[in-house]
Amino acid sequence: MILVWLIVILMAGGVLAWISGKVNRALPRWVALGSVMAVFGMTLYLWLSNPIPVLGSAWLIQFSQPWVPQWGIRFSLALDGLSLLMLLLTFFLGLLAVLISWREIHTKVAFFHFNLLWVLAGITGVFLTMDLFLFYFFWEIMLIPMYFLIGIWGHENRRYAAYKFFLFTQASGLLMLLAILGLYFIHGNQTGVYTFSYFELLNTTLAPEAARLLMFGFLVAFLVKLPVVPFHSWLPDAHSEAPTAGSVILAGLLLKTGAYGLLRFVLPLFPTATVEFAPWAMLLGVIGIIYGAILAFSQTDLKRLVAYTSVSHMGFVILGVFSFNEWALQGVVMQMITHGLSTGALFIIAGFLYERLHTRDIRLMGGFWSTAPKMGVIALIFVMASLGLPGLGNFIAEFLTLVGSWQANNWLTVFATIGLVMATIYSLRIMQKIFFEANRMEQALPDLNAREMLIAIPMVAMILWLGLYPQPILDTARPSIQEQLQAYTKPAQEQVPVARVDVPAKKTIYIKRTGTKNPEETKPSSNLQITKSSN
Amino acid sequence: MTTIPMEYGLLLAGMLFMLGLISVLIRRNIIFMLISVEIMLNAAGLAFIVAGSHWAQPDGQIMFIFILTMAAAEVSVGLALILQIYHQLKTLNSDAANFMKG
Amino acid sequence: MTLTDFQHLMPLLILTVAVLVSMLVIAVGRNHKIMYVITAVSFLAAFASLFDLRDVGRYTIEPLLVIDGFGVFYIGMILLTALLISMLSYAYFEQREERKEEYYILLLLATIGACVLVISKHFASLFLGLEILTVSLYALIAYLRTRERSDEAGIKYLILAAFSSAFLLFGMALVYASTGTMEFAGIAAAMSGFTELPLLMLTGFGLMIVGIGFKLSVVPFHMWAPDVYEGAPAPVTAFIATVSKGGVLGVLIRFFMEVDGFRYPTLVLIFTIVAIASMLAGNLLALLQRNVKRILAYSSIAHLGYLLVAFLAGNQMGVEAVTFYLVAYFITTVGAFGVVAMLSDKERDAEQLEDYRALLWRRPWTAAVFTAMLLSLAGIPLTAGFVGKFYILAAGVNTQLWLLVVMLALNSVVGLFYYIRLVAIMFQQPEADTEVQPRGKLRPSIYLASVGTLTILALLLVYIGVYPSGLLQVIQGLIVSTVP
Amino acid sequence: MGELLWLIPALPFAGALLLVIFGNRIARGLVSTIGVGSVGISAAITLVLGIEYLSSRPAFIRQEVWQWFDVAGFSPSIAFHLDALSMVFIFVITFVGFLIHIYSTEYMAEDKDYARFFACMNLFVGSMLMLVMADNLLLLYLGWEGVGLCSYLLIGFWYKEPANGYAARKAFIITRVGDTAMAIGLFMLFQQFGTLHIQSISTEAVQTWTIGSETAVIIAFLLLGGAVGKSGQLPLQTWLPDAMAGPTPVSALIHAATMVTAGVYLIARMHVVFELAPAAMTAVAVIGAVTLLVAGFAALTQYDIKRVLAYSTISQVGYMFLALGVGAWSAGVFHFMIHGFFKALLFLCAGAIILALHHEQDMRNMGGLSKKLPIVFYTFLIGAASLAAFPLVSAGFYSKDQILWLQLAGENGNIWLYLAGLLGAFITSIYTFRMVFLTFYGKEKTHVGHKPTWAITVPLIILGILSFAGGFIELPHNFGHVVLFSDFLTPILPAVSVVPDFNQYEWMLQLLAAVVSLVGIFIAYLFYYKKPELIESIHRSELAMAIHRFWHSGWGFDQLYDVLFVRPYVYLSKVNKNDFIDGFYTFLANVTQGLHRLFSTTQTGVMRNYVMGVVVGAIMILTISLLL
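Residue numbers (the working numbering), protein chains in the order written: chain A, -15 to 519; chain B, 3 to 104; chain C, 814 to 1297; chain D, -10 to 617.
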């Protein structure tokens, strides 16, 4: 039930924030802060009160209620280590998003916070649901408020960016919906039980061809969201045009839903098809790493630059996911978290700069270290995190991913590692152009104030903690990762599915008037009314 | 008594239908278009009568009466509208009524 | 005709009586409000009388009509929609100078026509229902006769509809000629006798598809739709988009199910092409359109294409999907046009995109409702449109109509663009210097009718979107009871 | 005492942390206290530990602070490992580091970013200690990258000048190239052994691999890649001369005494792997030989005193590589230590000069400083003698001689390597004393401003003593035969196997080395003091000038890399700035919009066209239904 509360609190908080805007302009901020704090506290409590290594099962809490029984849809939520970590990240970044918007957002404050909280609610839902219909439901839900966040409070080119974001993610999402439906019917035809339940669908036996097609349906959605080159082109626009809070949530959380989807659905559902596809997926990852890095180097818009670094970093995720071993997957989970923090922090810094200078063009910046050393130090830490400096979280993530992917594919790993050099090239450019060299601006740049330090310090602490003692995170993720990998650790011969035709034959008999009535056809049953071929 | 094969009757109806259709296509005057449509409707009516007589049922003729009735209603509304159009456009050229497009 | 026949036709009779009463009332004295009340009450009464028919099973009134769960559900849907439209109409026409009262008579008549359509089982009743509907629509479309566009739309619809009726009739005649019966069941029986359909019959079906396709405004018979939507008064447009199409679709399903048209690859091919073409053309035409009513017209073309996907799925799930989608579509369309109607003023309908700019800041609730409607059209979760689209996709996937299903998905993306564009325009920041011209406020009671309607619609939309089980149960219950 | 191990790197880290947080808010004195003090205490602990280590002679001391992480058996710890090898390094790092910190209090006194400087320096010392104390390669990698970061920060310390920033980035990126190779090496090692723990790898490698086994060779080469990058060896040496953009104490500490020798440490540390990969060993030696020559010639032509020293550093590290390459582990490490002393000394002296001459670094504008800065002069002389391997009295003589001798005497030795080393020694003494003569003799060309006080002179003197006396702990066989240093290292690093019956030639070789050194000094005396016109005559020759320019530019490596890598990369990036993939989607959008326009034209508003549409549709449907 606590899982439902997480979503409900956020949604209710959103509505309340909207309404409270009528009372007082500042109230929505406090309402939003309060609700995010509440859910963050609850999640933190869940984490601390469940010593995961001790537990045998990966699942901590489950909740399930029938929703649309006719279709076998349940309102089914479940929490395991992976979800828990993602939730912690979500609420942590959510908290920061509320805080950074404190001064940045002036128009329609109430509606802004409504959207912010609903995005978070949607993301929470995505990370929790164990029903594929519900998953798609939340998957779409989180896009609408995000669309508004970009489209209303974004920068100059916001409408274009918002459209692009929306269309890309929707298009890919619909293909996923088709795949979900395909899976649903295949499973239903096999077992007679029509259900969207994740746990049930895991047991579907798929013919290779069907598995491949369905996997691509899922993949498209996740690869676009991740994003993987060549589906990344929505991201730079969306990230650079969104308000800071939006960028943080986009980079820190929305991208992670793609990675989460890969881990949660693609890996366990299609164990054979993914193995087939793995080299290509890894290649895409490497291309993403290198392509993103090259493009990041030449960007002059700070937020755009950081956006391309996200493309680069997310390449590691897909590289790791398709390595199918624990090191890589732990690396991926770490990457999701640390990238959320480090890129989020870079966007926040970009936001701080934009607030002060009203530009994101790094050609106009320079020499800010002398006036804003605190900002400089913090930026330095996250720039270093983004280039993978050991001692900071990203290093653990990238190193584990690469160690894992090395076991899977040597050459691609070599190229991915070369990506680290490129990461250095673009990362240092950020420092150079903004904080070093001579100051080109007339106005002095005020250093971070107390509120901003309140945002920055926890992030610094987190990224250091993750870099120096990531074990709690790894422990939390371990059971779920092992569960996702189950299909891959079995002996090889078991992985080959029994050759049987699983694609339902095209039904040729429809509802007919003539002839004798088939008792099955006339009797309404609680499940979907699918008239089965009687011949 | 030798009966005329049904196909002949249908062919006649079809020709009538085509005539009406073509004249709808080539006429610009709205009144003529309306008349042409009426021809088409009557062609359909004729086809019904032919079919009905082929099956020796009254149904075809009944349908024809329905069609006539409906055509009459249609024409009455149509003429009212045409009046209104003429009032506004000062022409009965159907091409002139193209304010809405795109 | 027996008494039970009358009982089963109660909804239609109520409406007919209401028409007669209305005429008498007008003869006595014109009063908009009384007319409105009579109409609304009669719709309600007709709807209430449907509850008797809940468990009707299958009752035939030979040879023309059949009343079954399917028919009852569709009639109910039509009646409720008509009721909502009449509620919207009240506020809309209150601010017009024209004589308003006859409007309701026509509305009632058109509704009767649609109801007859969905329970007809004979070409004659099909024809009669269709023509009652259509002829009433001629007058409704051109109702605001002082507006040029209204007349233009009226004459266009008249000529084209009569033209397409001729096709339909000729097609019926040919089918009749080749089968010797005009009853659906008889035709089906005759058809199952043929190993291969005779040419005459195929021609007949082809011509009938032209007539039906026109009424459904699917490609390539769609061209009238935008002009008529634009020219007609907003409530009438809503009526055309919903009741008229719903009725025709109802009879199409009934006929097709009866004769099992899915057995004939030719027919399936035609409908597949039509469906794909409708989705594509509808969405593409709407893409950069700047007239909101036209956007909705084009989008309705696309939506009919979607509906055909489920229709083509053919089995019971397909019928359910069509029905469910129709419900969602009705709610959404009526809601959307309701907003248009509500924002319209004396001179013209609020149809330009500019009328909606920064609407959120001017009239937040209206904007929110409109947004919900648009998102539902786009098939976004939390709205009925999403569940409907999901259902259609499910039906398609179930029957493995992959081409259609993928086309639907891709087209939805194109569709998204213009819905979202509209939403974006509403959410734009108002420019500081443009003064919002104050609109003449209506009397609160009138205003309330519209607001109430929209609120109901929005709530229904969300309710079905979040908890579709209820509606599903009704649909499955009623339709299962019918389908043989 | 082993429990104190963690404090050695922790103290400088703590110092850095304090300075980052409070640096701008506290008085300079306190900054110096924290900055210098933390390293000083580290040095003191090192001393205590060292004494204990020497007295008890354990194989090693290990201290695990905490388990870093543990993923499916991959479980590196934050753990420190102290043995003779790391002892030497820690000693140099903390002591030389301490001295340089003291020196910096004066050198940087005027700088407004005083705290930042010490924060970075402390961070550097901490990272460097982490590097040499790590008990697993991942932690070593942490230190490895950490020193890279500090190097970056300190080279670009005066960030206002774009060139400094450029040099800093260059240093970071080029070393990162090497690090990447090293990282891949780590992946391979992990795949082979399932651990990155150095001791385990060392013991298991011998059991797993045969000599020359392919994996071992690949891994050794990859590790070598890392070492080459960090140590400024060919082909990744180009960053080091530019790194002189940083403040001089930085150059002394990072780019002379400690960080650049990390590669030496890595190879020595992983010597088991290298021994199993003879090809890699040869590569180490060859790289060392070539580098020492290339850098030596480049040093001959530099005018910037710091660049001379930089190239000389590259060259001297080349000697260390040369030693490692033939398996003369302890000789290499010994040269590292001695080099650490005298090169730090030389840099510090150079710094003192630069400070005195108002940040003038061009030797052509110096001269006659021997009177003005006597302490600097004498200490510099000691350092220069050591660098030039002045026979008998300089430490450098002993360390370098050992390397040269082992090129012939060692089993893996080679006459060509020896000759290269000898030629290098010759050049070294030329450019070293060229520096001495240009700087301290001749006419005074720039006014001497700042006179060094104790904070500068004391470190100079101490380092001078070490540069002089350090050599006597390891004397050749025929000459005292003191083997304190190699004995100390023997448990860790195996002694080089010497070709039998070669000892008799040793004195000849020593003599040769001495002569070469002296001749070099004489030539420098001739050209740069006695007869400067000789130089001018050379300058008149076109060919000579072309060579001069070529050498001056560091053998054109910069230009080569610029053309090969930098420009293509920048071009690629710039040309695709707007992301051509985006163009595809834009195209898609445009096509859709075009289709919209196309379809829109069908909606003419003319009724007859609509009728036509219906008719066309009817015809199509009839065609389909009749023909299909």
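Where is the CB? At the ideal position from N, CA and C, for every residue including glycine. Bear in mind the structure is a predicted one, so any value in this text is a computation, not a measurement.
Nearest-angstrom Cα separation, counted from residue j out to residue i
i	j	result
Gly328/A	Gly12/D	27 Å
Met437/A	Ala288/D	48 Å
Gly321/D	Val77/D	12 Å
Pro488/A	Ala1126/C	With a pLDDT of 41 at Pro488/A, under the threshold of 50, the predicted position of this residue should be treated as unreliable, though the coordinate-derived value follows. Rounded to the nearest angstrom, the two C-alpha atoms are 15 Å apart.
Tyr1119/C	Ile1205/C	7 Å
Val273/D	Val306/D	11 Å
Met270/D	Leu313/D	8 Å
Leu213/D	Phe336/A	43 Å
Gln466/A	Phe183/A	16 Å
Ala1094/C	Ala1115/C	7 Å
Gln391/D	Ile200/D	26 Å
Thr5/B	Ile37/B	31 Å
Opposing strand residues paired with residue i [DSSP bridges]
i	result
Gly43/A	Residue identity differs from the one stated: residue 43/A is Trp in this sequence, not Gly. DSSP, once it has assigned bridges, lists Asp64/A as partnering Trp43/A.
Phe69/D	Gln52/D, Ala123/D
Leu878/C	Ile874/C, Ser933/C
Gln523/A	It is not possible to answer for residue 523/A, since the shown part of chain A is limited to -15 through 519.
Gly181/A	Rather than Gly, the amino acid found at residue 181/A in this sequence is Ser. Per DSSP, Asp115/A.
Phe63/D	Val60/D
8 Å Cβ cutoff met for residue i and residue j
i	j	result
Leu921/C	Leu828/C	yes
Lys934/C	Leu878/C	yes
Gly329/D	Ala246/D	yes
Leu43/B	Ala1149/C	no
Thr108/A	Thr74/A	yes
Local Cβ density within 10 Å of residue i, reported as buried at 16 or more and exposed below that
i	result
Phe576/D	exposed
Ile278/A	buried
His323/A	buried
Pro(-2)/D	buried
Met1014/C	buried
Lys516/A	Residue confidence for Lys516/A is low, a pLDDT of 39 falling below 50, so the modelled location carries little weight; the figure read from the coordinates is stated next. Exposed, by the Cβ-count rule.
Lys563/D	exposed
Leu(-13)/A	buried
Report yes or no: do three or more beta-carbon pairs, one from the segment 55 to 69 of chain A and one from the segment 453 to 469 of chain A, lie closer than 8 Å?
The segment 55 to 69 of chain A is in contact with the segment 453 to 469 of chain A.
If contact is defined by three or more beta carbon pairs under 8 Å, each pair taking one atom from either stretch, is the segment 545 to 558 of chain D in contact with the segment 1071 to 1079 of chain C?
The segment 545 to 558 of chain D and the segment 1071 to 1079 of chain C do not touch, with fewer than three beta-carbon pairs separated by less than 8 Å.
The segment 149 to 168 of chain D in contact with the segment 202 to 217 of chain D per 3-pair CB rule at 8 Å
Yes, the segment 149 to 168 of chain D is in contact with the segment 202 to 217 of chain D.
For the segment 991 to 1003 of chain C against the segment 1082 to 1094 of chain C, are there 3 or more C-beta pairs whose distance is under 8 Å?
Contact fails: fewer than three Cβ-Cβ distances are below 8 Å.
Evaluate the contact criterion for the segment 1033 to 1044 of chain C versus the segment 901 to 910 of chain C: three or more CB pairs, one atom per stretch, below 8 Å.
Counting Cβ pairs under 8 Å, fewer than three are found: no touch.
Count the CB pairs spanning the segment 406 to 426 of chain D and the segment 505 to 525 of chain D that are closer than 8 Å, and state whether there are at least three.
The answer is yes - the segment 505 to 525 of chain D touches the segment 406 to 426 of chain D, with three or more Cβ pairs under 8 Å.
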